[in-house]
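Read through the structure below, which is laid out as structure tokens, and then see the notes.
2 protein chains.
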Amino acid sequence: MSSTHHVLGIGNAIVDVLAHADDAFIERNDLNKGAMTLIDAETATALYAKMGPAVEISGGSAANTVAGVASLGGRAVFIGKVCDDQLGEVFRHDIRAVGVDFDTRPIAGSPPTARSLILVTPDSHRTMNTMLGACVELGPEDIDPAVVGGAEITYLEGYLWDKPTAKEAFLKAAAIAHDSGRRVSLTLSDPFCVDRHRDSFRTLIAGHIDILFGNEHEVMALYQVDTLEAALDRVRGECAIAAITRSEAGSLVLHDGRTEEVPAEPVAALVDSTGAGDLYAAGFLYGLTAGRAPAECGRLGSIAAAEVIGHIGARPEASLAELVATRA
Amino acid sequence: MSSTHHVLGIGNAIVDVLAHADDAFIERNDLNKGAMTLIDAETATALYAKMGPAVEISGGSAANTVAGVASLGGRAVFIGKVCDDQLGEVFRHDIRAVGVDFDTRPIAGSPPTARSLILVTPDSHRTMNTMLGACVELGPEDIDPAVVGGAEITYLEGYLWDKPTAKEAFLKAAAIAHDSGRRVSLTLSDPFCVDRHRDSFRTLIAGHIDILFGNEHEVMALYQVDTLEAALDRVRGECAIAAITRSEAGSLVLHDGRTEEVPAEPVAALVDSTGAGDLYAAGFLYGLTAGRAPAECGRLGSIAAAEVIGHIGARPEASLAELVATRA
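First to last, the protein sequences are chains A and B. Residue numbering for the first sequence is 96 to 423, as defined by this note's numbering. Residue numbering for the second sequence is 96 to 423, as defined by this note's numbering.
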């Protein structure tokens, strides 16, 4: 079946505001180290005022993933909501500049384009504090059936589940994709996101998800079990393919009753873990659309993730297609 | 004489939009490689649309310098004009976050905060295309005599000379500084900037400038001579101190009839030359206010410049005070 795009990503359209911080800063400001916390505009203003000098780089989980797919040479498209402000212009420019199609209508005036205030600690972990802004306006009317039907894989980020209209958009897209004979993929996003939406995530996964991404903490939180093995047993029954990431321990790829271990790619210098999971998904999904075997897809994910954690920011600086050509 | 600040910087308040580009891109778009070119809003929109994914980082020549002074442990203040838009907020946050005082009243509505579209080529050179936006509104009314009188050194960027009201602001500040028994410093900024304003720069330097910064190309352009030696002979008669930078060949420090050579600091990886001159000036000026001998000031300049060319962006990522403590 021919396709317009290899991967459609649907997610929050966010500009990352990245600053270095020490652990004392994280503690003093009661931040949830390593997690994504939703904050309101007032909290964002107060936290921003305390942060050190920052760098603005386009982010957003599914947006990072489709940017990675494009960098690998895939045809990608994104659906997400920005405001018609300066940060919205930055987001739109950056995602189009890597070759991703992006035509979601921006909202006018307010709320402003979403930003995530990200503190990178000396251990390279990132602590994200996200003001959703314009993202809360994403709704079913933004889902173009022709775009969904034309994409081999529709990829959804769990973070979208935090807002009712985005959730509707998410379910509409999943239904269209399946009606069109396409595959649907989900990333669990974050253990706290799983805690917020456990029951409906389980229903969604059982009914709609062909390819699941999550790290070991997220899948254990999803099924409320104490061991990774127990979580994997549950996942196996639900999804055709699951890729479970384990940081420097690499990933586990579950498919056709098998569990394959994929090592992490060596990293010269671990600088900023922001985007590691997003880029793993990029490599994996690109591999699937290129007809690679699941374990090979995991290896492409490892290569893409290793690139993005070697520098500040959650999108590739190097051409991933060139990187893969030399390594894979 | 006691002081409120060690260094006051007056300059364009700019957010840098940095993207990688190859030399073919520079040629195809008729850009002036290695230089700063002023562009209008329409040209900026067209160029931005062609650029790859970018990173937004606060910049501005004198602003980078005072950020460096603060990072070295000095008390610094900045005067420059932003708009009350999102990029203006970014600029204000970043400069205050490093400890620089910044209270210039922003303009409301438009023109927007200035941005410089900077292409970094594989040789690490930067090609800057600046839309001045709100900066054109800087005027003499923004110069607070108490701030100028309280600063040991008032540092001015040559780029300000491109707009009549900024030039007035510049001359007002220089006059107040001298009336207060303070020193005035100028950076020539760019050979093209020197070409645009040669005569008035010469008059200014002869009448007002105690400490001059420029690279070899800029001082040769200033006096329209063919050799660096001839240019240095002219500079010696004009300024008490001059620091002439020569990229990887280090710098020459002229003072009290002497010329001292200062080597460049070794750089592990040359990534992006944006801000090298600005941070050299930061180290030098900080050294002067700390009572260091001129050649030692040049060495502090080399250390600060080496830090900033080791990463993307024109402001220090590391604490320069700590860096100097280990090296100087």
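Backbone N, C-alpha and C define an ideal beta-carbon position, used for all residues, glycine too. Note that the structure is predicted; figures quoted are calculated from it, not measured.
With DSSP collapsed to three states, give me the class of V320/B.
Assignment of V320/B by DSSP, reduced to helix, strand and coil, places it in the coil class.
**Study point:** Sequence ranges, alpha helix (DSSP H) only - wholly within the stretch 222–310 of chain A, length at least 4
**Key:** With a minimum length of 4 residues, the continuous alpha helix (DSSP H) runs that stay inside the stretch 222–310 of chain A are 240–244, 259–274, 286–303.
Query raised in the report: Along the stretch 143–154 of chain A, what residues have a CB closer than 8 Å to any CB found in chain B?
Result: Hits within the stretch, in order: Y143, A144, M146, G147, P148, A149, V150, E151, I152, S153.
- Item | DSSP state of I109/A mapped onto helix, strand, coil | Assignment of I109/A by DSSP, reduced to helix, strand and coil, places it in the strand class.
Interface positions of the stretch 182–198 of chain A facing chain B (Cβ-Cβ less than 7 Å), listed along the chain:
Listed in sequence order: L182, V185, H188, D189, A192, V193.
- Message: Between the alpha carbons of K176/B and L299/A, how many angstroms are there, rounded?
- Response: Cα to Cα, the separation comes out at about 51 Å.
request  = Note down, in chain order, every chain B residue with its Cβ under 9 Å from the Cβ of R410/A.
outcome  = The answer, in chain order, is P148.
(message) Taking CB distances under 8 Å as the criterion, tell me whether D111/A reaches chain B.
(response) Not an interface residue.
Below 7 Å on C-beta distance, what does D180/B contact in chain A? The answer, in chain order, is Q181.
Which first and last residues belong to the beta strand (DSSP E) in which I174/B is found? Counted as a single uninterrupted DSSP element, the beta strand (DSSP E) harbouring I174/B occupies residues 171–174.
Exercise for the section: Classify C392/A as helix, strand or coil using the three-state DSSP reduction. Expected result: In this structure, C392/A counts as helix in the three-state DSSP scheme.
| message | Quick check: the Cα distance between I121/B and N127/A, rounded to an integer number of angstroms? | response | Rounded to the nearest angstrom, the two C-alpha atoms are 44 Å apart.
**Asked** Looking only at C-alpha atoms, which of D198/B, A269/B, D274/B, G345/B sits nearest to K306/B?
**Response** Position check: residue 306/B holds Ile in this sequence, whereas Lys was assumed. Nearest of D198/B, A269/B, D274/B, G345/B to I306/B, Cα basis: A269/B.
- prompt: Pairing CB atoms from the stretch 316–331 of chain B with CB atoms from the stretch 357–366 of chain B, are three or more of them under 8 Å?
  reply: Counting Cβ pairs under 8 Å, fewer than three are found: no touch.
message: Once DSSP output is grouped into helix, strand and coil, what is the label at E122/B?
response: Taken through DSSP and simplified to helix, strand or coil, E122/B comes out as helix.
Quiz item: Got a sec, what are the start and stop residues for the beta strand (DSSP E) S346/A sits in?
Solution: First-last of the beta strand (DSSP E) with S346/A: 346–350.
Checklist entry - For the stretch 154–213 of chain B, which segments carrying the alpha helix (DSSP H) assignment without a break, of at least 4 residues, lie completely within its bounds, in sequence order? => result The stretch 154–213 of chain B contains these whole alpha helix (DSSP H) runs: 156–166, 181–192.
At what residues does the beta strand (DSSP E) containing V357/B begin and finish? Per DSSP, V357/B belongs to the beta strand (DSSP E) from 353–357.
**Asked** Tell me which same chain residues have a C-beta within less than 8 Å of the C-beta of E402/A, skipping the five on either side of it?
**Response** Excluding sequence neighbours, E402/A sits near L374, P411, E412, A413, L415, L418.
**OP:** Given a cut-off of 8 Å, decide if V348/A and I404/A are closer than it, judged by their beta-carbon atoms.
**Re:** Against a cut-off of 8 Å, the Cβ pair of V348/A and I404/A comes out as no contact.
* Asked: In terms of DSSP beta bridges, what is G332/A paired with?
  -> Note: G332/A sits in no beta bridge, so no partner.
* Asked: Residues in its own chain within less than 6 Å of I238/A by CB, not counting five upstream and five downstream?
  -> Result list for I238/A: A264, K267, A268, in chain order.
query = Closest to Q189/A by CA distance: which of G147/B, T282/B, G378/B, F379/B is it?
reply = The question names Gln, yet the displayed sequence has Asp at residue 189/A. Considering only alpha carbons, the answer is G147/B.
ask   = Under 8 Å, do T260/B and I109/B count as touching if we go by C-beta distance?
value = Against a cut-off of 8 Å, the Cβ pair of I109/B and T260/B comes out as no contact.
Whole angstroms are fine: how far does the CA of L227/B sit from the CA of I398/B?
C-alpha of I398/B to C-alpha of L227/B: approximately 30 Å in a straight line.
Problem - Three CB pairs or more closer than 8 Å across the stretch 180–200 of chain A and the stretch 149–157 of chain A - result: Verdict: yes, contact present.
* To do: Go ahead and pull the three-state DSSP assignment for I134/B.
  => The answer is coil: DSSP assigns I134/B none of H, G, I, E or B.
* Asked: Exposed or buried, P207/A, counting other C-beta atoms within 10 Å across all chains shown (16 or more means buried)?
  -> Buried is the call here.
Residues of its chain near A136/A, where Cβ-Cβ distance is below 7 Å and the 5 sequence neighbours each way are ignored: Excluding residues up to 5 positions away in sequence, M226 lie with their Cβ nearer than 7 Å to the Cβ of A136/A in the same chain.
Grab the span of the alpha helix (DSSP H) containing T426/B for me, first residue to last.
Shown here, chain B extends from 96 to 423; a query on residue 426/B therefore has no answer.
Open item on the list: Whole angstroms are fine: how far does the CA of R353/A sit from the CA of P389/A?
Closed with: Rounded to the nearest angstrom, the two C-alpha atoms are 10 Å apart.
### Query
With which residues is I339/B paired in a DSSP beta bridge?
Answer is G309/B, L347/B, bridged to I339/B.
Review point. Where do the ends of the alpha helix (DSSP H) carrying L418/A lie?
Key: Its alpha helix (DSSP H) spans residues 415–422.
Q) Going by DSSP, what residues sit across from I152/A in a beta bridge? A) Bridge partners of I152/A: D111/A.
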